[in-house]
Every structure is written in structure tokens, then in C-alpha cells.
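Take a look at the structure below.
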Amino acid sequence: MEHFTIATVAEQSPDFRRVLWTGKHTQLVIMTVPPGGEIGEEIHEVDQILTFVSGIGKAVVGGRTRKVEQGDLVVVPAGTKHNFVNDGANPLVLYTVYGPPEHADGAVHKTKEEADAAEEAGKDEPPAA
332 MEHFTIATVA EQSPDFRRVL WTGKHTQLVI MTVPPGGEIG EEIHEVDQIL
382 TFVSGIGKAV VGGRTRKVEQ GDLVVVPAGT KHNFVNDGAN PLVLYTVYGP
432 PEHADGAVHK TKEEADAAEE AGKDEPPAA
């Protein structure tokens with residue numbers, strides 16, 4: 332059994348993205364977006380569910396924009412263009428579940444730039460199904 336006190340684990344992570352657990356059908360990832368930062372506009376071919384632990388920001392999903400804050404959950408269906416922007420003074424901390432996995436098992440990216448470089452270099456691929 333894997334067990335996480337997820338809000339605490341997420342808030343203690345200084346990394347932009349950290350894969351906590353990867354299963355056959357889903358993946359658990361924590362993220363910390365610095366003030367003024369963003370995840371970056373993207374489209375995944377997997378479903379994604381994001382839960383916000385602390386901070387404030389905005390979700391842009393499928394052309395619609397909405398404020399997000401602690402306790403909010405946003406669903407991003409596969410194939411939907413999305414971005415999450417930290418427009419607050421503190422880090423925007425969240426955890427997300429991908430189904431199926433989207434990132435390399437155990438991946439840790441300290442910054443968005445590091446995450447983008449890993450993706451572009453093909454070093455952030457999910458495990459083969």
C-alpha cells in the first residue's frame with residue numbers, strides 16, 4: 332500500500348514537478364508553480380484531475396477561465412488545451428492524477444525549464460503500458 336498525507340507532501344516539495352507514484356492506469360504527481368509562473372499551455376492525450384492545496388491562480392481549460400484556490404478540483408479531459416497560472420504572491424501548490432500515466436516514473440523536475448527540456452529531449456516519457 333502507498334500512503335501519502337498529500338497536502339503536506341505537496342506543500343513540502345520545492346520542485347516544479349515530482350512524480351510520487353506510477354501505476355498501470357494512473358499516476359500521482361505534485362507540482363509547485365512559483366508566483367508569476369505557469370504550467371504552460373498544453374494538450375495531453377490522457378485525462379487529468381488537479382486538486383489545489385494552497386495559493387491562488389487561474390485555470391484556463393478548453394477556452395474557459397476560472398479562478399482556482401485551496402480545495403478546488405479541476406478536471407481536464409484528454410485532448411483539451413489547458414494552462415494553470417499562478418497569479419498570487421505565494422506558490423500555487425497542487426497534486427494531479429493522470430490516467431493513464433503522462434510522465435516518466437519517478438521524474439523530478441526542479442523548474443519548468445527543466446521539465447520542458449526533459450520533455451523536448453524525450454526523457455519524460457511514461458512507462459510502456
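The opening position of the sequence shown corresponds to residue 332 in the working numbering, with each subsequent residue numbered one higher. Note that beta-carbon positions come from the ideal geometry of N, C-alpha and C, so glycine has one too.
Flag this pair as yes or no: are the beta carbons of residue i and residue j separated by less than 7 Å?
i: E372; j: N414; result: yes
i: V377; j: A390; result: no
i: P366; j: A438; result: no
i: V340; j: G386; result: no
i: T357; j: G430; result: yes
i: T411; j: G393; result: yes
With 16 other CB atoms within 10 Å as the buried threshold, where does residue i fall?
i: E433; result: buried
i: T353; result: buried
i: V406; result: exposed
i: D455; result: buried
i: H440; result: buried
Rounded to whole angstroms, how far is the Cβ of residue i from the Cβ of residue j, which I believe are closer than 8 Å?
i: V364; j: P422; result: 7 Å
i: T442; j: F347; result: 5 Å
i: V384; j: A459; result: Not a contact, Cβ separation roughly 31 Å.
Contiguous beta strand (DSSP E) assignments of at least 3 residues, all confined to the segment 358 to 411:
Counting only runs of 3 or more, we get 358 to 364, 378 to 385, 387 to 392, 395 to 400 and 404 to 407.
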